[in-house]
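Notes for the one structure printed next.
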Amino acid sequence: MPAKHADRAPKLFDAVAEELRANVDAEIRFDPGSRAAYSTDASNYRQVPIGVVIPRTPEAGVDAIAVCRRYDMPVLSRGGGTSLAGQCCNAAVVIDWSKYCTKVGSVDTDAGIALVQPGIKLDLLNDHLQSSGWMVGPKPSTHVSCAIGGMIGNNSCGSTAQAYGKTVDSVRRLEVLTYDGLRMWVGPTSDDEFARILGEGGRRAEIYRGLRAIAEEYADDIRSTYPKIPRRVSGYNLGSLLPENGFDVAKALVGSESTLVTVLRAELQLVRIPGASALAVIGFDDIASAADAVPAVLKHQPSALEGLDHRLVELEHSQRLAEKALRQLPDGTAWLMVQLDGDNQDEADRKAKAMIDALHEISHNGVTVLDDPARKKEVWAAREAGLGATAFPPNEPETHEGWEDAAVPPGRLGDYLRDFHRLLDRYDYGTSSLYGHFGQGCVHTRIPFDLRAAEGIAKYRAFAEDSARLVVKYGGSLSGEHGDGQSRGELLPLMFGERMVGAFERTKALFDPDNRMNPGKVVHPYKLDENLRLGVNYRPAETSSEFAFPHDDHRFSKAAARCVGVGKCRGHESGVMCPSYRATGEEEHSTRGRARLLFEMMQGDVITGGWRSTEVHDALDLCLACKGCRSDCPVDVDMATYKAEFLFHHYRGRLRPMAHYSMGWIPLWARLAAVAPHLLNSTAHARGLSTLVKKVGGIDAQRELPRFADKRFTTWFSHHRPPANTNPRGRVLLWPDTFVNNFEPEVGHAAMAVLEAAGFDVEVPRRTLCCGLTWISTGQLRIAKRVLRRTLTALRPTLQTSTPVVVLEPSCAAVFRSDLPELLHGDEDAHRLAEQTFTLGELLTAKAPDWEPTQIDCSAVIQQHCHQHAVLDAYSDEQHLLSDAGVDAELLDAGCCGLAGNFGFEKGHYDVSVACAQDKLLPALRHADPDALVLADGFSCRTQIRDLAPDRRPMHLAQVLAAGLASRESQAAGP
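UniProt numbering numbers the first residue of the sequence shown as 1 and each following residue consecutively.
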């Protein structure tokens, strides 16, 4: 915020917001919740914005900047908000292009040229282009969430830059807007066009004349000062203005980080999608030796050449981030990943073999070659998981950006890494992992800076300065990918010298004379130790919590600060995270946005209501508690747990929403309903009464209430006589969860048949017990604890004998595996139950490995429960069982079904619930073979499918396996 406005800020900002709403086709958000959600990016920095504008068209963005200009408000254009150097947070009006300005204007499929709006995400654009055979060349690791506009602002790269260059190499033309209102298309400028522009006069002529003067005055400095390396991202691209480069104004603006212009549209040069690729992984004794081998590998023109060290692999293994990939690595403590492309697989494999044959020139520990797409994807996932693995190493200090992407000449990389290791050791940062785009000399790392204490911050500053000097000594760039922003802006004189930095300042003054475009970044920068998200003033509110948060020093505030902002939760492509963001496109409905709000709530200066905050409540209201973030988030943010903790404090001592009493207490109501299920079903579904019941219970009117079963499973079991056991395997306890017991006992019957057929003696608890799931999901945590303690007491004999507990409902199994030991942390029985909990598939695989299911010979599609994906062992054991039964099963990558327990029933959630299902699940079911079985082990998933796809009959795995047994018995009995 400009100092001259500080004394009248509230009234001024209200006036700006009012005029924006009156004149701009956009969502205008100056509320505390929105400002909190945009307060930081993926960097160490935090600057609360003045407000947020989400334009519906590029023209609306033009109008928004015009309003800001009238009030002298600084502005910041933002795409995915994944920047690592602080360039995407500022005390400015943030213009977020990523929700609406996502259209592809045109694609020339002959020339490979696309015209796009700045907010479109890279993966979505490439999906759009795939059928044409073209793609965007650069592919940053944040490809699921980064926007084209952000890539242009940052000059993004990624692993594919080895073959296709940086974003600047893909940009043909840009439509841009200056702060003072000049709108123009820019690109290469011939002498005739330059003369025409000057002849027209006006502001554009002034800019072009000024740029030509800068290019002429500093030409020799540019040629001598800019490092001749493939990964120079630091500084402005003034080299693009030299005559030999065609006075290309568009390329000169790439990488300017919203400090010069706002990008409205971009014309991109695409590249052909390679026909095939082979991936070779080479092992070495250490990371510097791997770097020494880079020049020899580069002779074979790889399309990607990545390096990673043992430290990264150890961290990934300990956190189970990429275990399948790690098993495929050859011997060594460091590796090079070399991708070679070809028009077909044979050509790619020949290139890989030729490279391997030539590796006798270097010392290495072996090579693994992969050409199977699934195996390659796993290994690339291991490389892209680097940030998640290194951000929070177990039992070690958290790590930070700050010196994470320097680049040097590839031929000098090995020596640089040796010197850099020595520098890390000198500062006692020696545990840092090193990895990156080694083929272009770019090194990534996260370092355990102490950014909370003055001494640690001073040490960070000294290290950054020494690191900058080391990179300059090697002829490198302070940034090889992530940009300058605030992390490196202050250090640019060390790399370029004061004279060249003066040229940057003149360029800034030419486009933005009043310093209103993302001020304090790149040019006239804030100091690298200002505006820290933590810093010496970081003192979050501390409060006792119901969950233990064992991985965050038992502090909710530290859990709330866990998000590092890379934005994987803003993707639409695959995985479970984050269904509500996919439905709404809102930052505050992403895992990242909610984490930001919780962080700000604990800080208390933007979100001032503490646990009573309506802003945080509203953001969490549409969290489905799917737990997808627990597994899909690179740093294991667990928003479902955070939501439950928040709801506990938010409603403590207050009346809760009715849905918390109706859905949250459903285990109790179900127990009472068992007395007269027919009467209750008739009442709840009678015309008129049904509407009243839903209204009183806080249930959405469009939802059909589930029907209670005529006879509970536990009642049936009390009269069940087990068959003679000819192959005894021991005792198991079958858990009668609320949903199987009271709504779908046939699932329990089927599980009994399968377990007994497999040779188990099956017991069921004699008294009604519960896992507490519905109380946990509604934040009634004290009740949940009482319920769980009662359960543990009843199960103590089972726990003392290590008897397996088979849980058919994935969400209940997930409670026992994760919520229980975190709610009752330190209770040995709680930890025992977590260890003894099995799904049906896990039990049969682990305890009856020789049991063979009956051949069914059919096809099936599987909707995996979110908690099974996030907390349990995915669906791998179940898939093996189905395969053994002759079921050709496809595990859908459809994300959350959208019902998510009580979420989809609650009033006001119906539209989002259905939108989640419509995203991928329902289209997948429509396209599936009509005769294919539909498997869904979760009660919520089956309910949602029955409601929204009534022609499908979803089944639990137990029902499929039991159907096979019944068929076998029928055949054995004869006609």
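Glycine included, C-beta positions come from ideal geometry on N, C-alpha and C.
Take the alpha-carbon of LEU115 and the one of GLU193: they are about 22 Å apart. Note that the region 267-279 does not touch the region 389-409; fewer than 3 beta-carbon pairs, one per stretch, sit closer than 8 Å. Listed in chain order, the beta strand (DSSP E) runs fully inside the region 50-81 are 51-55, 75-78, counting runs of at least 3 residues.
Straight-line spacing of the CA atoms in ALA288 and LEU336 works out to 11 Å. LEU808 sits in coil when the DSSP states are folded into three classes, being neither helix nor strand. The alpha carbon of TYR218 has as its nearest neighbour, out of PHE547, VAL186, GLN603, THR507, the alpha carbon of THR507. Residue environment for TRP735: buried (at least 16 other C-beta atoms within 10 angstroms of its C-beta).
Contact between the region 602-612 and the region 660-677 is absent: fewer than three C-beta pairs spanning the two stretches fall below 8 Å.
Judged by pairs of C-beta atoms under 8 Å, the region 336-354 touches the region 292-309, as three or more such pairs exist. The way I'd put it, the region 20-30 does touch the region 50-63; three or more beta-carbon pairs between them come closer than 8 Å. DSSP places PHE760 inside the beta strand (DSSP E), whose first and last residues are 760-763. In the DSSP secondary-structure assignment, LYS121 is bridged to ALA147.
About 22 Å separates the Cβ atoms of SER777 and ALA674, ruling out a contact at the 8 Å cut-off.
Three or more beta-carbon pairs separated by less than 8 Å are not found between the region 70-82 and the region 620-638, which leaves the two stretches without contact. Annotated three-state conformation of ARG350 is helix, per DSSP.
Secondary structure note for TYR164: its alpha helix (DSSP H) is the uninterrupted segment 161-164. For PRO667, the three-state secondary structure derived from DSSP is helix. CA-to-CA, the gap between ALA894 and CYS626 works out to about 13 Å. With contacts defined as CB atoms closer than 8 Å, PHE547 and GLU822 qualify as a contacting pair.
For LEU933, the closest C-alpha among the options ILE447, SER876, GLN863, CYS916 is that of GLN863. Distances from the alpha-carbon of PHE599 to those of SER574, ARG652, LEU534, MET658 put LEU534 closest. Here SER156 has PRO138, PRO140, THR167 as same chain residues with Cβ atoms under 6 Å from its own Cβ, once five neighbours each way along the sequence are excluded. Counting along the chain, MET337 sits inside the beta strand (DSSP E) bounded by residues 334-342.
LEU840 and GLU704 have their C-alpha atoms spaced approximately 29 Å apart.
Within the region 241-323, the complete beta strand (DSSP E) segments of 3 residues or longer fall at 262-269, 276-284, 304-309, listed in chain order. Here the region 472-490 does not lie against the region 175-194, with fewer than 3 beta-carbon pairs under 8 Å apart. Out of GLU378, ASP285, ALA354, ASP349, the CA that lies nearest to the CA of ARG327 is found in GLU378. Counting only runs of at least 4 residues, the region 670-730 fully encloses the following alpha helix (DSSP H) elements, listed from N- to C-terminal order: 677-685, 689-697, 713-718. Within the same chain, Cβ atoms closer than 6 Å to the Cβ of THR768 are found at ARG671, the five residues on either side in sequence being excluded. Taking a 10 Å sphere around the C-beta of ASP220, we find fewer than 16 other C-beta atoms and assign the residue as exposed.
As the crow flies, the alpha-carbon of LYS527 is around 21 Å from that of ILE50. If you compare the alpha carbons of GLN87, ALA686, LYS847, HIS617 with that of GLY779, the shortest gap goes to HIS617. Per the Cβ contact rule, the region 848-855 is not in contact with the region 810-821 (fewer than 3 Cβ pairs under 8 Å).
SER224 sits in a helix when the DSSP states are folded into three classes. With a beta-carbon spacing of about 5 Å, VAL171 and VAL254 fall inside the 8 Å limit used to define contacts. Counting C-beta pairs with one atom in each stretch, the region 737-747 and the region 933-950 have three or more that are closer than 8 Å, which means they touch.
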